[in-house]
């Protein structure tokens, strides 16, 4: 890319690595000048609202409505792309410019002048090419009087004459839609997927829904005696007190706190109330028993009382894990109830656990009936 005389002189006097570096300098310097010329051309297009012809082709190909806003946005997008590429070119240009240090001052000045002339020629050529691609829209003839009269006639016609349009929905269609809306034998619903309206026979729909809800293996009516929600609120309050006193940490609190009413499950045992069973595998009952045992053991050791009932509590807990959900809850609750009943006198003299154990006793008493 160097001139013949300068290239021969550098080839004889310099190392091949230096020559390759100088060629890279010429390449990146030229590309940098061309990118800057393109960015300047885009700025002029945005200022003058004149855009290249290929922009119309690109917008039509992408099925975009051709307006001044879309043309401007496409032009600015191309400018952002060039600016992002300009950062890499500047970095490579600065890196390759280090090879100029191996030249003497006279050789460096001659080489830079040659590179500048190459870049100027390339920039002039690309500017000429870009300007030829502009779409200059010029009026054929300025017939202002004819245009004015046409606009006035169109305005009067729009004001005085009613425009006839062919509507998709006629008055007959609207009348039939209102009749369908007033018809009590059908009902409207939404489809499972997508948008639209589903028309259903009201009688058949209600009969099928009643048949599904009457299935005792899946649905049963809840009674007013179901106080599980109140008990869970009480237990949540107790667990928050334990967390504030430092007995349990935040992780155990999140695992222990009751969630039976938050996520209901259609899993009801025969003869039970029609609400979600307590998930003892991940619920608060499984984690409450070991911590209650630990609490009871600390109270027992504090007052130097033999803990023979702890073995019975552990046996009740092991026996509970072999049962189903309802039996498991019942056995665990009864075990905690019996242990807390035996510690009733001790809890009265305990400063840290007295209030908590008494609240647990009241809540579990309601839960066990």
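In the working numbering, the protein residues as written are 3 to 371. The beta carbon of each residue, even a glycine, is placed where N, CA and C say it ideally should be.
Taking all protein chains in view, the Cβ of residue 163 is surrounded by fewer than 16 other Cβ atoms within 10 Å, so the residue is classified as exposed. Taking 8 angstroms as the upper bound for CB-CB distance, residue 127 and residue 56 are not in contact here, some 18 angstroms apart. Every beta strand (DSSP E) of 3 residues or more that sits fully in the segment 142 to 227 is shown, in chain order, as 188 to 191 and 200 to 203. If you draw a straight line from the Cα of residue 43 to the Cα of residue 74, it comes to about 13 angstroms. Rounded to the nearest whole angstrom, the CA to CA distance from residue 132 to residue 46 is 11 angstroms.
Within the same chain, Cβ atoms closer than 6 angstroms to the Cβ of residue 84 are found at 37, 40 and 41, the five residues on either side in sequence being excluded. Cα atoms of residue 196 and residue 88: separation of roughly 46 angstroms, rounded to the nearest angstrom.
Rounded to the nearest whole angstrom, the C-alpha separation of residue 257 and residue 247 is 17 angstroms. Residue 240 is classed as buried because its beta carbon has at least 16 other beta carbons within 10 Å across all chains shown.
Cβ-Cβ separation between residue 32 and residue 129: approximately 14 angstroms, too far for a contact (criterion under 8 angstroms). Here residue 78 carries a helix assignment [DSSP, helix/strand/coil]. In this structure residue 106 is not in contact with residue 26, their Cβ atoms being roughly 20 angstroms apart against a cut-off of 8 angstroms.
Under the 10 Å beta carbon count, residue 234 is surrounded by 16 or more other beta carbons and is classified as buried. According to DSSP, residue 18 shares a beta bridge with no other residue. Rounded to the nearest whole angstrom, the CA to CA distance from residue 198 to residue 151 is 48 angstroms. Setting aside the 5 residues that flank it on each side, residue 255 is surrounded in the same chain by 241 and 245, each with a C-beta closer than 7 angstroms to its C-beta; the list follows chain order. Contact between residue 61 and residue 49 does not hold, since the beta-carbon distance rounds to 20 angstroms and is not under 8 angstroms. Annotation: residue 106 is outside any alpha helix (DSSP H) and is labelled neither H nor E by DSSP.
Per DSSP, the unbroken alpha helix (DSSP H) holding residue 255 starts and ends at 252 to 258. Burial check for residue 121: the Cβ neighbour count within 10 Å reaches 16 or more, so the residue is buried. Exclusion of the five residues before and after residue 185 leaves no residue of its chain whose Cβ lies closer than 8 angstroms to its Cβ. For the 8 angstroms CB-CB criterion, residue 96 and residue 28 do not form a contact. Here residue 249 has no same chain residue with a Cβ atom under 7 angstroms from its own Cβ, once five neighbours each way along the sequence are excluded.
Looking only at 219, 236, 53 and 66, the smallest Cα-Cα distance to residue 81 is reached by 53.
The secondary-structure analysis by DSSP pairs residue 136 across a beta bridge with 54. Annotation for residue 231: the continuous alpha helix (DSSP H) segment containing it runs 230 to 247.
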